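One structure is given here, and the rest of the page talks about it.
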Amino acid sequence: MSRMTIALLSCLVFLIFAWSASPSNIIGTGWSLVPPVATIVLAFLTKEVITALVAGAFLGCFLIGELSLFSGYTTVLQYFVDGLKDLDKVKIIFFSLGLGGLISFCNQNGGMAGVVSLFTRFAKGRASAQLSTWALGICIFFDDYASSLVVGNTMRPTTDRMRISREKLAYIVDATSAPIACIAPISTWIANQLGLFGTQIAAFPALGAHFNSYALFLAALPFSFYAFFSILMMFTLAITGREFGPMLHCERQVLKDGAAIVYGDKEQEELENSLDKGRPGNPLFALLPIATVLSLTMGVLYRTGSASVGADAPLRDIISSGSTGTALVTAAYGGCLVAIILGLWDRRFSLTKVPTIFLTGSRAMVDAVLVLSLSWLLGRVCLEIGTATFVAAMVKTHVSYALIPTLVFLFSSLIAFATGTSWGTMGIMIPIVLGITPLHDPSLHGILLPSVAAILAGASLGDHCSPISDTTVLSSIASKVDVLSHVRTQIPYAGLVGLACIAAYLLQGLLQSSTALPAFLVGCLVVLGGVRLIGVKVVN
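Heads up: the sequence shown begins at 9 in this note's numbering, then just goes up one per residue.
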């Protein structure tokens, strides 16, 4: 049965179910869960988040439109168009396209190749090869796809030579792609995250009184434990030489027989990538544009924020009051300009090639922009139908505030694992969590901020473990290893990190502290203790 058939049959079931509702008893009731639940179910069944988001939004509009198919159709179109009329949302879209162009320019001007070659020269043994791969993955923080493809394809010959299994390479590649991009202040992910935050901040003045979208992201960042614990996990495994689970068997087999024998001589055809394979690249040609993006973002945020609240205001208030959209657009295209100038100066490409290079990079972001726009649409539908109001009432009545960060982490992980998409998970969970209005009170920001971070952490964990996740598949392809072998060997590692996150979020919920340090230290102890207790030396 095709995915489209499954989607149509599922929509029909949901429509029949929805027709039993009373039009006067929909808003803010259990019926308000239909849009996000339908989206989750459809994404799981079809493995296609765009179809799921459209169907979930339509079902919500069908309920809002008093069970009229025509009204549901017109309402969903109206909400979608309204979203594209929002200037801040338009800026986020242009930022996404601009950042795609920037990555393409850095590939073409040789900067990315320079960064890669800078790291490969440090790989002299098993530990240093793993650490070089780890560091390179962290440095390519701005895009999970670029990280997977560049790191896997570049470091594989080195790790093969050092007799490191391709399963271990794929784990490092995967763990430094989506989890790192998810917490990077400037990345192809930040547009989606800030757009979803901004919609909810605009809807809830009490939340907007304390944060703009970028300030909320930065405030929640210390609580995004999954990425930090994954970084620690990879570093610890490389330094100690310990492994466990199926990965231990793979490492010992490759150490004994070599990669050529274990994986065979008939390797997959080399995955094409846009790195300049001619003259050696200059790493500054990538680092300078990225530094430009970072500095322009903070500079424009400060300038627009100080114009709003005054230059004498505290720095946090200035940044919080800045125009996030203006800052990101200015930064992305400023970075493009620097990358273009460097490429022209080094004669990597001609001026006539600039539009083609930019369009190549921007086209790679079209699917991401579509998912972002549809996530905004679903968020608007959930807002209008009262999903957050209903969930907030249930949480207030039945769930202890102390458990919210942990539960959010678990639900986000399950959704991302089942659907294979962290972006879709964020599109579903962010409107629900930020709609829990009691958490908008400053006295409960010790719960709100970890809960927001738990969405990002859970989405990263689920995406990392899911066999249908695009970054999981790309990491396998770039590392030239079977995807199921990659998933089977990395799940125990991701599981240990996930256990550390649960411990950290439980403690954070109990303390309700404004600092993440105690919970962070507990999570680190779980990771280090787990590796020490169950890890076994590969080389006896």
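Ideal placement from N, C-alpha and C gives every residue a C-beta, glycine not left out.
Computed from a prediction, not measured in an experiment: that's the story for all the values here.
Can you tell me the Cα-Cα spacing of Thr312 and Val98, whole angstroms? Here residue 312 refers to the residue found at position 304 when the sequence shown is read from its first residue. Here residue 98 refers to the residue found at position 90 when the sequence shown is read from its first residue. Near 18 angstroms, if we compare the C-alpha coordinates of Val98 and Thr312.
Counting along the chain, where does the alpha helix (DSSP H) carrying Gln516 start and finish? As a working mapping, residue 516 is identified with position 508 in the sequence shown. Run containing Gln516: 491-519, per the alpha helix (DSSP H) assignment.
Return the CA-CA distance between Thr248 and His472, expressed in angstroms with no decimal places. One-based indexing of the sequence shown puts residue 248 at position 240. One-based indexing of the sequence shown puts residue 472 at position 464. So the two alpha carbons sit approximately 23 angstroms from each other.
Would you decide whether Gly394 is buried or exposed? Buried here means 16 or more other CB atoms lie within 10 Å of its CB. The count along the sequence shown starts at 1 and reaches residue 394 at position 386. Its Cβ being crowded by 16 or more others within 10 Å, Gly394 is buried.
Using alpha carbons as the reference points, say which of Gly543, Arg174, Thr429 lies closest to Asn200. Locating residue 200 in the sequence shown gives position 192, where the first residue counts as 1. Of Gly543, Arg174, Thr429, the residue nearest in Cα terms is Thr429.
Are there 16 or more other CB atoms within 10 angstroms of the CB of Ala511, so buried, or fewer, so exposed? One-based indexing of the sequence shown puts residue 511 at position 503. Buried, since its Cβ has 16 or more Cβ neighbours within 10 Å.
Cα-Cα separation, Ala462 to Leu382: Counted from its first residue, the sequence shown places residue 462 at position 454. Counted from its first residue, the sequence shown places residue 382 at position 374. If I take the Cα positions, the gap works out to 22 angstroms.
Can you check which of these residues, Ala192, Phe66, Ala410, is closest to Cys390 by C-alpha distance? Within the sequence shown, the letter at position 382 stands for residue 390. It is Phe66 whose Cα lies nearest to the Cα of Cys390.
Whole-angstrom distance between Cys69 and Ser40, CA atom to CA atom: Within the sequence shown, residue 40 is the residue found at index 32, counting from 1. Within the sequence shown, residue 69 is the residue found at index 61, counting from 1. For Ser40 and Cys69, the distance between alpha carbons rounds to 11 angstroms.
Who are the Cβ neighbours of Ile326 in its own chain at under 7 angstroms, not counting the five residues just before and after it? Taking the first residue of the sequence shown as position 1, residue 326 is located at position 318. Answer for Ile326: Tyr310, Gly313, Ser314, Val317, listed in chain order.
In whole angstroms, what separates the C-alpha of Ala524 from that of Met306? By one-based count along the sequence shown, residue 524 stands at place 516. By one-based count along the sequence shown, residue 306 stands at place 298. Distance between the alpha carbons of Ala524 and Met306: 24 angstroms.
To the nearest angstrom, how far is it from the Cα of Pro439 to the Cα of Leu204? Translated into the one-based positions of the sequence shown, residue 439 becomes position 431. Translated into the one-based positions of the sequence shown, residue 204 becomes position 196. When rounded, the distance between both Cα atoms is 7 angstroms.
Inter-residue Cα distance where the pair is Leu336 and Leu518: Walking along the sequence shown from the start, residue 336 turns up at place 328. Walking along the sequence shown from the start, residue 518 turns up at place 510. Between the alpha carbons of Leu336 and Leu518 lies a distance of about 36 angstroms.
I'd like the span of the alpha helix (DSSP H) that includes Asp354, first residue to last. Mapped onto the sequence shown, residue 354 falls at position 346. Counting along the chain, Asp354 falls outside any alpha helix (DSSP H), and DSSP gives it neither H nor E.
Taking the alpha carbon of Gln498 as the reference point, which residue from Ile191, Asp265, Ile180 has its own alpha carbon closest? If you number the sequence shown from 1, residue 498 lands on position 490. Comparing Cα-Cα distances from Gln498 to each of Ile191, Asp265, Ile180, the minimum goes to Ile180.
For Asp182, count neighbouring C-beta atoms within 10 Å of its own C-beta (all shown protein chains included) and say buried if the count is 16 or more, exposed if not. One-based indexing of the sequence shown puts residue 182 at position 174. Buried, because 16 or more other Cβ atoms sit within 10 Å of the Cβ of Asp182.
Where does Glu56 sit, in a helix, a strand or coil, going by DSSP? The residue you call residue 56 lines up with position 48 of the sequence shown. Three-state DSSP puts Glu56 in coil, outside helix and strand.
Complete alpha helix (DSSP H) runs within the region 113-186 (minimum length 4 residues, chain order): Entirely contained in the region 113-186, the alpha helix (DSSP H) runs reaching 4 residues are, in chain order, 119-128, 134-147, 152-169, 174-183.
Among the candidates Val441, Val379, Glu392, whose CA atom is the shortest distance from the CA of Tyr409? Locating residue 409 in the sequence shown gives position 401, where the first residue counts as 1. Selected option, being the one with the closest Cα: Val441.
Measuring CA to CA, which of Phe398, Ile148, Gly289 is closest to Gly122? Position 114 of the sequence shown, counted from the first residue, corresponds to residue 122. Answer by Cα proximity: Gly289.
Taking just the CA atoms, how far does Val377 sit from Leu61? Numbered from 1 along the sequence shown, position 53 holds the residue referred to as residue 61. Numbered from 1 along the sequence shown, position 369 holds the residue referred to as residue 377. Approximately 13 angstroms, taken between the alpha carbons.
Among Phe225, Thr414, Thr59, Gly253, which residue has its Cα nearest to the Cα of Leu507? What you label residue 507 is simply residue 499 of the sequence shown in a count that begins at 1. Closest by alpha carbon: Thr414.
Check whether the region 330-350 touches the region 204-222, counting contact only when three or more Cβ pairs, one atom from each stretch, lie closer than 8 angstroms. yes
Which of the three DSSP states is assigned to Lys488 in this structure? As a first step, residue 488 is located in the sequence shown; it is residue number 480 there, counting from the start. In the structure shown, Lys488 sits in coil (DSSP, three-state: anything other than H, G, I, E or B).
Continuous alpha helix (DSSP H) stretch holding Ile34: start and end: Residue mapping note: residue 34 aligns to position 26 of the sequence shown, counting from 1. Neither: Ile34 is in no alpha helix (DSSP H) and is coded neither H nor E.
In this structure, does DSSP put Val544 in helix, strand or coil? On the sequence shown, position 536 is the one that residue 544 refers to. The answer is strand: DSSP assigns Val544 an E or B state.
Can you have a look at Trp353 and say buried or exposed, based on whether 16 or more other CB atoms are within 10 angstroms of its CB? Position 345 of the sequence shown, counted from the first residue, corresponds to residue 353. Exposed, because fewer than 16 other Cβ atoms sit within 10 Å of the Cβ of Trp353.
Spatial neighbours of Leu202 within its chain, please: C-beta separation below 7 angstroms, excluding the five flanking residues on both sides. Within the sequence shown, the letter at position 194 stands for residue 202. Cβ within range, chain order: Ile100, Ser221, Tyr222, Phe225, Thr332.
Run the CB neighbour count on Arg174, radius 10 Å, all protein chains shown included, and call it buried at 16 or more, exposed below. Within the sequence shown, the letter at position 166 stands for residue 174. Buried, by the Cβ-count rule.
On the premise that Asp152 lies in contact with Ala186, defined as a C-beta separation below 8 angstroms, what is that separation, rounded to the nearest angstrom? Locating residue 186 in the sequence shown gives position 178, where the first residue counts as 1. Locating residue 152 in the sequence shown gives position 144, where the first residue counts as 1. Right, their Cβ atoms sit about 4 angstroms apart.
If you follow the alpha helix (DSSP H) that Phe252 is part of, which residue opens it and which one closes it? The residue labelled residue 252 in the question sits at position 244 within the sequence shown. Here Phe252 belongs to no alpha helix (DSSP H), and DSSP marks it neither H nor E.
Whole-angstrom distance between Leu323 and Lys488, CA atom to CA atom: As a working note, residue 488 is residue 480 in the sequence shown. As a working note, residue 323 is residue 315 in the sequence shown. Rounded to whole angstroms, Lys488 to Leu323 spans 47 angstroms at the Cα level.
Inter-stretch contact (C-beta, 8 angstroms, three-pair minimum) for the region 126-143 and the region 236-251: yes
Contact check, Ser468 vs Cys147, beta carbons under 8 angstroms: As a first step, residue 468 must be located in the sequence shown, where it is residue number 460. As a first step, residue 147 must be located in the sequence shown, where it is residue number 139. It is not a contact, given that the beta carbons lie outside the stated cut-off.
DSSP state of Phe70 mapped onto helix, strand, coil: Taking the first residue of the sequence shown as 1, we reach residue 70 at position 62. If DSSP states are grouped into helix, strand and coil, Phe70 belongs with the helices.
Phe103 classed as buried or exposed, judged by whether at least 16 other C-beta atoms fall within 10 angstroms: Numbered from its first residue, the sequence shown carries residue 103 at position 95. The Cβ neighbour count for Phe103, taken over all protein chains shown within 10 Å, is at least 16; the residue is labelled buried.
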